[in-house]
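Asker: Structure provided below as structure tokens; questions to follow.
Protein chains: 4
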Amino acid sequence: MTIETKSRTDVELVQSVGDDDGIVHAARISLAHDRSVVEAKERKGLINYLMAHKHGTPFEHNSITFRVHAPLFEFREWMRHRVQSYNEQSGRYSKFEPVFYLPGSDRPLVNVGTSAKPVLAPAQRTVIKASQARMVESFHESWAAYEELLALGVAKEVARNVLPVAVYSTMYATTNLRGWLHFLGLRTSEENATFQGHPQWEIEQAALDIERELAKLFPDTLEAFNANGRVAP
Amino acid sequence: MTIETKSRTDVELVQSVGDDDGIVHAARISLAHDRSVVEAKERKGLINYLMAHKHGTPFEHNSITFRVHAPLFEFREWMRHRVQSYNEQSGRYSKFEPVFYLPGSDRPLVNVGTSAKPVLAPAQRTVIKASQARMVESFHESWAAYEELLALGVAKEVARNVLPVAVYSTMYATTNLRGWLHFLGLRTSEENATFQGHPQWEIEQAALDIERELAKLFPDTLEAFNANGRVAP
Amino acid sequence: MTIETKSRTDVELVQSVGDDDGIVHAARISLAHDRSVVEAKERKGLINYLMAHKHGTPFEHNSITFRVHAPLFEFREWMRHRVQSYNEQSGRYSKFEPVFYLPGSDRPLVNVGTSAKPVLAPAQRTVIKASQARMVESFHESWAAYEELLALGVAKEVARNVLPVAVYSTMYATTNLRGWLHFLGLRTSEENATFQGHPQWEIEQAALDIERELAKLFPDTLEAFNANGRVAP
Amino acid sequence: MTIETKSRTDVELVQSVGDDDGIVHAARISLAHDRSVVEAKERKGLINYLMAHKHGTPFEHNSITFRVHAPLFEFREWMRHRVQSYNEQSGRYSKFEPVFYLPGSDRPLVNVGTSAKPVLAPAQRTVIKASQARMVESFHESWAAYEELLALGVAKEVARNVLPVAVYSTMYATTNLRGWLHFLGLRTSEENATFQGHPQWEIEQAALDIERELAKLFPDTLEAFNANGRVAP
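If you read the protein sequences in the order shown, they are chains L, E, F and Y. So the first sequence is numbered by my numbering: it starts at 79 and just counts up by one. So the second sequence is numbered by my numbering: it starts at 79 and just counts up by one. So the third sequence is numbered by my numbering: it starts at 79 and just counts up by one. So the fourth sequence is numbered by my numbering: it starts at 79 and just counts up by one.
Below you can see the structure in the form of structure tokens.
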């Protein structure tokens, strides 16, 4: 029996609609001249103003969908964001793939902070090796149990009971730019942030991937987000 | 001083993303084969199944934005839909235009039901004429008061105090297809509906215009919506 | 025919559940010791920490309902808050009362800022008197039109067309403490606020009344809200 | 090393506010006579009317909080309900307890339907015994791996990687009655339901426990819910 390990989250842009100009149009409707031509300088200035003063609604008239391949523990964190729309692979209707999350060598492993406020630091090489080996052993065992339970005739929704939160799943996640900026504010820990998040490493990597995609689609907005302490409007 | 009257709501499609195929992709992720080719027959069947069983989330990975020109009393009803995103012309920052809603001759005027459950029927020609004249007279008077208050130096946000709910405003309204189907379910009163709405006439006309636009963008979904009692999933 | 004028919003606490201790319990569940006794000092410290770091969910396990009597223009602003639950008097099913909002002598009337960013200042006594008189005259006229339209047999939902946004209505508004803190952040303009709101005067008075009620129910939370720049968690 | 197994979800009412009378008050505000005395007969009639016509907002001015002890796979289903407020034990900040979900002998184990539409039926006694034994063995192994990883110095948030979705956690879950009725509609499969849910067995037991609590707090509403096809308003 073979299992696969993987050390990262895949985030793929599926579709989007809207751009920085659309934010300007939505904001300008308050002054009843939404349709006039948008100059680059005015756009940057207005978007910065909206961001600084937390005028959030103009950032909602758009939509960005990602397809995400991540372990279950990360989906558990992700789905706490209630303004996103989700559809995920079902462990009741389909068999899981034997793909498990294994922390890579760049993933800090040791808590050098407190229990309530962990600060993660790199582990020694021996700890990395030993912990990876122990995880892989456990994944093998859990997967064997899953397969055996299925072979006994146990339904998928019950057999999955033994699968660890390291197992991968796939989902579509959609929200508007305002929703994604809130996600970035909570799931990254950049130094220039007014309110610094304390995300788990794995979801932060995914959030940074999402940020790179958003910066291509809405460059002025992401610039204003960073210039204003990464506080979602 | 001239005022303008208008008897309808303008609904204009601004942008959209997503189609019936996208709904199939989002639904299929539960069975982990989202990306295979979508055949027309399977699409119709699956969308009908999702609608009939109220599986709503696959209808959320899309976005449709309308620009709406309507009187304030209609916006008051519309904005009770909390899953939509709104940006509206501001009566604090911009002067209203002298455009007022006047019921047209096709708008039923007389309540032949009860107070708690009104049923509106056409009025006699004399009542139509007399009520239209009385409204126009009142609009003129209110507009004159607004202009005089502004001339006195009173701020826009205070001067608007005298403007009637018949005055027009403009907004952008955005939500996903699931949100729009809920709007249709509550703001139309079609005979084939399982739960028949009792919308006011004006917002129902706007809802029907929106439905026509959605039927072009998501034809299989709107067909399934009508085939399943117009109950939003 | 008599009309009544009124210069303020009535906000009445209808019911509430939850207190500062409940916030501590909800927060402590993350450390799996939610039920131990809450000491005053720990409570203040933890609530301040949650507020400062924008951990918002522990502030959601409670509910506060207000009954609000306010003019329509204020309800239009209020109902943009989509996390609140609303039930309002219906102008379709019931006749309005002839009660109209008239700015009192303490209400700044003149814009000394710009159109896009108004700053309101007190008006001269003559402007106050003249504008009040002009408004009352217009209210009388609008109310007469409303009564005449009803007498013609026109349905309430159409006759209201002529009523100004100054007319009063009543609603119940409910949300949890997190929702109310967001409301306060946007609808007040206190000097100690990190993000200063620019609310209209009328809704700000109502927000301040609500804040006084909340301060009685959740004193440590309101103290922490003020100590942390009035940024809702 | 000892682990504990458990075959059910614990649902405990923490606090609530509101009752059937409150629903009547909120509904009656539309007719501007919310405060008059509520007679039992009128209350039953009005609540039934609201339910049958899907007038949902009067059911929102209340709040009910439960403390839930359930396995992770059940929390994953539960937290897809985006109108609820959640605070859960953190696997980053606290060590899990060695408590695992083991299907009891009353839990149907075998799928006699299709993959896409499972129908679960009781298993033979030998299958029950063999599957329970296999699960317990796997739980022991996973827990041993968790303990060893912690002993190696690996942080809790990484060590939990190996824990199965059968492990128990605790949360507070709060929403209003309308939200809980939606939960019941989707997470139970009663025969009298217009839209029959297909919930997993475990979350259905929890939903039925919640329904029993709600029936004590809001008896007329729950009666109307059942009399109207269990369709949330």
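From the three backbone atoms N, C-alpha and C, an ideal C-beta is built for every residue, glycine too. Computed from a prediction, not measured in an experiment: that's the story for all the values here.
Checking contacts by CB at 8 Å: is F296 of chain Y closer than that to chain E?
Answerer: Answer no: the Cβ-Cβ gap between F296 of chain Y and chain E never drops below 8 Å.
Asker: Hey, S183 of chain E and I206 of chain E: beta-carbon distance below 8 Å or not?
Answerer: Yes. Within cutoff.
Asker: Determine, for K132 of chain E, whether the minimum Cβ-Cβ distance to residues of chain Y falls below 8 Å.
Answerer: So yes, K132 of chain E belongs to the interface.
Asker: Report the start-end ranges of each alpha helix (DSSP H) in the stretch 226-274 of chain E that is 4 residues or longer and not cut off at the edges.
Answerer: The stretch 226-274 of chain E contains these whole alpha helix (DSSP H) runs: 234-237, 255-265.
Asker: Scan the stretch 264-296 of chain E for residues whose Cβ lies nearer than 7 Å to a Cβ of chain B and list them as they occur along the chain.
Answerer: Absence of chain B from the displayed structure is noted, the protein chains being L, E, F and Y.
Asker: Any idea if V115 of chain E is buried or exposed, counting beta-carbon neighbours within 10 angstroms, 16 or more meaning buried?
Answerer: V115 of chain E is exposed by the Cβ-count criterion.
Asker: Could you name the residues of the same chain whose beta carbon sits closer than 7 Å to that of R326 of chain L, not counting the 5 residues immediately before and after it, in chain order?
Answerer: Absent from the model: residue 326 of chain L. The displayed extent of chain L is 79 to 311, so no value can be given.
Asker: Can you tell me which of Y:S141, Y:G123, Y:E90, Y:P196 puts its alpha carbon nearest to the alpha carbon of L259 of chain Y?
Answerer: That would be Y:S141, whose Cα lies nearest to the Cα of L259 of chain Y.
Asker: Which bits of chain F does Y68 of chain E rub up against, with CB to CB less than 9 Å?
Answerer: Nothing can be reported for residue 68 of chain E: it is not among the residues displayed for chain E, which extend from 79 to 311.
Asker: Give, in chain order, every residue of the stretch 190-205 of chain F whose Cβ lies closer than 8 Å to some Cβ of chain L.
Answerer: The residues in question are S193, A194.
Asker: Just to make sure I have the definition right: I need the residues of chain E whose C-beta is within less than 7 Å of the C-beta of L320 of chain Y. Which are they?
Answerer: Because chain Y in this structure spans residues 79 to 311, residue 320 of chain Y falls outside the shown range and cannot be described.
Asker: Can N165 of chain L and I281 of chain E be called in contact, C-beta distance under 8 Å?
Answerer: Taking 8 Å as the Cβ cut-off, N165 of chain L and I281 of chain E do not qualify as a contacting pair.
Asker: Can you tell me which residues form a DSSP beta bridge with K84 of chain Y?
Answerer: BP columns for K84 of chain Y point to Y:Y179.
Asker: Along the stretch 106-128 of chain F, what residues have a CB closer than 7 Å to any CB found in chain L?
Answerer: For the stretch 106-128 of chain F, which is checked against every Cβ of chain L, the residues closer than 7 Å are L109.
Asker: Quick check on the burial criterion: 16 or more other C-beta atoms within 10 angstroms. Buried or exposed for N306 of chain L?
Answerer: Counting Cβ neighbours within 10 Å, N306 of chain L comes out buried, since at least 16 surround it.
Asker: Around the Cβ of L292 of chain F, are there at least 16 other Cβ atoms within 10 angstroms (buried) or fewer (exposed)?
Answerer: That one is buried.
Asker: If you drop the 5 nearest sequence neighbours on each side, which residues of the same chain put their C-beta closer than 6 Å to that of G53 of chain F?
Answerer: This structure cannot settle anything about residue 53 of chain F, because the visible part of chain F is limited to 79 through 311.
Asker: Are at least three pairs of beta-carbons, each pair with one atom in the stretch 215-223 of chain Y and one in the stretch 241-251 of chain Y, less than 8 Å apart?
Answerer: The stretch 215-223 of chain Y is in contact with the stretch 241-251 of chain Y.
Asker: For V161 of chain E, I'd like the list of residues in its chain whose CB is within less than 6 Å of its CB, leaving aside the five on either flank, ordered along the chain.
Answerer: If we look at V161 of chain E and ignore the five residues flanking it on each side, its Cβ neighbours are T253, G257.
Asker: Report, in whole angstroms, the separation of the C-beta atoms of A223 of chain F and V240 of chain F, which I expect to be a contact under 8 Å.
Answerer: About 4 Å separates the two Cβ atoms, so the contact holds.
Asker: How would you list, in chain order, the residues of chain Y whose beta-carbon sits under 9 Å from the beta-carbon of M249 of chain F?
Answerer: Chain Y residues near M249 of chain F: I107.
Asker: Quick one: which chain F residues come within Cβ less than 9 Å of F144 of chain E?
Answerer: By Cβ distance, chain F contributes nothing, its closest Cβ being about 18 Å from F144 of chain E, past 9 Å.
Asker: Could you pull the start and end residues of the beta strand (DSSP E) that H147 of chain E belongs to?
Answerer: Here the beta strand (DSSP E) through H147 of chain E covers 141-149.
Asker: Looking at the structure shown, is Y224 of chain E part of a helix, part of a strand, or coil, going by DSSP?
Answerer: DSSP places Y224 of chain E in helix when its eight states are reduced to three.
Asker: Identify, in the order they occur along the chain, each residue of the same chain with its Cβ nearer than 6 Å to the Cβ of R238 of chain E, setting aside the five sequence neighbours on each side.
Answerer: Excluding residues within five positions, the ones whose Cβ falls inside 6 Å are G169.
Asker: Leaving out the 5 sequence neighbours to the left and right, which residues in its chain are closer than 6 Å to E90 of chain E when beta-carbon positions are compared?
Answerer: Around E90 of chain E: R145.
Asker: Taking the alpha-carbon of D88 of chain E as reference, which of E:M129, E:A104, E:A148 has the nearest alpha-carbon?
Answerer: That would be E:A148, whose Cα lies nearest to the Cα of D88 of chain E.
Asker: Along chain Y, in chain order, which residues have C-beta atoms closer than 7 Å to that of P136 of chain F?
Answerer: What P136 of chain F touches in chain Y: N165.
Asker: Run the CB neighbour count on T272 of chain E, radius 10 Å, all protein chains shown included, and call it buried at 16 or more, exposed below.
Answerer: When all chains shown are included, T272 of chain E counts as exposed.
Asker: Taking DSSP as the reference, what is the three-state secondary structure of L292 of chain Y?
Answerer: In the structure shown, L292 of chain Y sits in a helix (DSSP, three-state: H, G or I).
Asker: Residues in the stretch 157-186 of chain L with C-beta within 7 Å of chain E's C-beta atoms, listed in sequence order?
Answerer: So the list reads S163, Y164, N165, E166, Q167, S168, Y171, S172, given in the order they occur along the chain.
Asker: Taking buried to mean at least 16 other C-beta atoms within 10 Å of its own C-beta, is L124 of chain F buried or exposed?
Answerer: Classification for L124 of chain F: buried.
Asker: Which same chain residues, not among the five before or five after F151 of chain F, have their C-beta less than 6 Å away from its C-beta?
Answerer: If we look at F151 of chain F and ignore the five residues flanking it on each side, its Cβ neighbours are V243.
Asker: For L188 of chain E, which residues does DSSP report across the bridge?
Answerer: Here the sequence assigns Val to residue 188 of chain E, which means Leu is not the residue at that position. DSSP output for V188 of chain E lists E:A199, F:V232 as bridge partner(s).
Asker: What are the start and end residues of the alpha helix (DSSP H) that includes E301 of chain Y?
Answerer: First-last of the alpha helix (DSSP H) with E301 of chain Y: 297-305.
Asker: Taking Q93 of chain F as the reference, give the member of Y:E82, Y:Q93, Y:I81, Y:H139 with the closest Cα.
Answerer: Among Y:E82, Y:Q93, Y:I81, Y:H139, the Cα nearest to that of Q93 of chain F is on Y:H139.
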